[in-house]
Amino acid sequence: MSRHWLMKSEPEEFSIDDLERVGTEPWSGVRNYQARNYMRDGMRIGDGILFYHSNCAEPGIVGLAEVRSEAYPDPSQFQRRSDYYDPASTPEAPRWLLVDVGFRRKLARTITLAELKDRDELGDFALTRRGNRLSVLPVTRTQWDFILALEKPRRGR
DNA sequence: GCCAACGTTGGC
DNA sequence: GCCAACGTTGGC
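One point on numbering: in the numbering used here, the residue at position 85 of the first sequence is 85, and numbering is uninterrupted.
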């Protein structure tokens, strides 16, 4: 059973264009236990990912990606000079994991946060819950299908 | 275990 | 740049 996810990235750090260029990217730097648990316990190879640009002029979903690996230890937690270094983590008991994220395609247009907030059809959507800050969050099949249908608005609206 | 202080996220 | 809403840390 394939599942669906949303992953946030600041475009100034790593954008959908960056992902298109590299093809596959080890998603390092997740330092939140709930987000880690989604990657470790929820994600399977082939799962679909909504790629979201955060902390930018027009926050929103800009592309599609997919899970390309099982979760494995994030090497940056062991690198002293990395921003993501965690002195409390050891290779024997790594605290932080990542998955490889692969490019699928860019969307024809950005589906903005404002638009997503406006859509009651999305129901209880993790992205627009008050106070949400998770960078990795689940998307239901229904939400996935609805969001992709928004990509090309029908005429006459 | 409580909770104040602090750091981060991310929209605006 | 502001600030609300979190999560984490550490004293007690």
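Note that the Cβ used here is the ideal one computed from N, Cα and C, for glycine as well.
Item	Value
Through-space distance from E115 to R61, alpha-carbon basis	The question names Arg, yet the displayed sequence has Ile at residue 61. I61 and E115: Cα-Cα distance of roughly 10 Å.
Cβ-based burial, I45 [other Cβ within 10 Å; buried from 16]	exposed
Given 8 Å, three or more beta-carbon pairs between the stretch 75 to 86 and the stretch 32 to 46	no
Supposed contact pair N32 and L97 - C-beta distance, whole angstroms, cut 8 Å	Contact flag wrong, Cβ pair sits at about 11 Å.
Three CB pairs or more closer than 8 Å across the stretch 98 to 115 and the stretch 51 to 67	yes
Presumed contact (8 Å Cβ cut-off) between E12 and L19, rounded CB distance	Between L19 and E12 the Cβ distance is about 14 Å, and since that is not below 8 Å, they are no contact.
Limits of the alpha helix (DSSP H) - the one that R109 falls within	That residue, R109, is in no alpha helix (DSSP H); its beta strand (DSSP E) goes D100 to T112.
Buried or exposed (CB count within 10 angstroms, at least 16 for buried), I147	buried
K152, buried or exposed, once every other Cβ within 10 Å from all chains shown has been counted against 16	exposed
Neighbour-count burial assignment, G156, 16 or more Cβ in a 10 Å radius	Bear in mind that a pLDDT of 46 at G156, under 50, signals an unreliable position, so the number given afterwards is only what the model happens to contain. Burial call: exposed.
Residue closest to Y72, alpha-carbon to alpha-carbon, out of G29, C56, H53 and K8	G29
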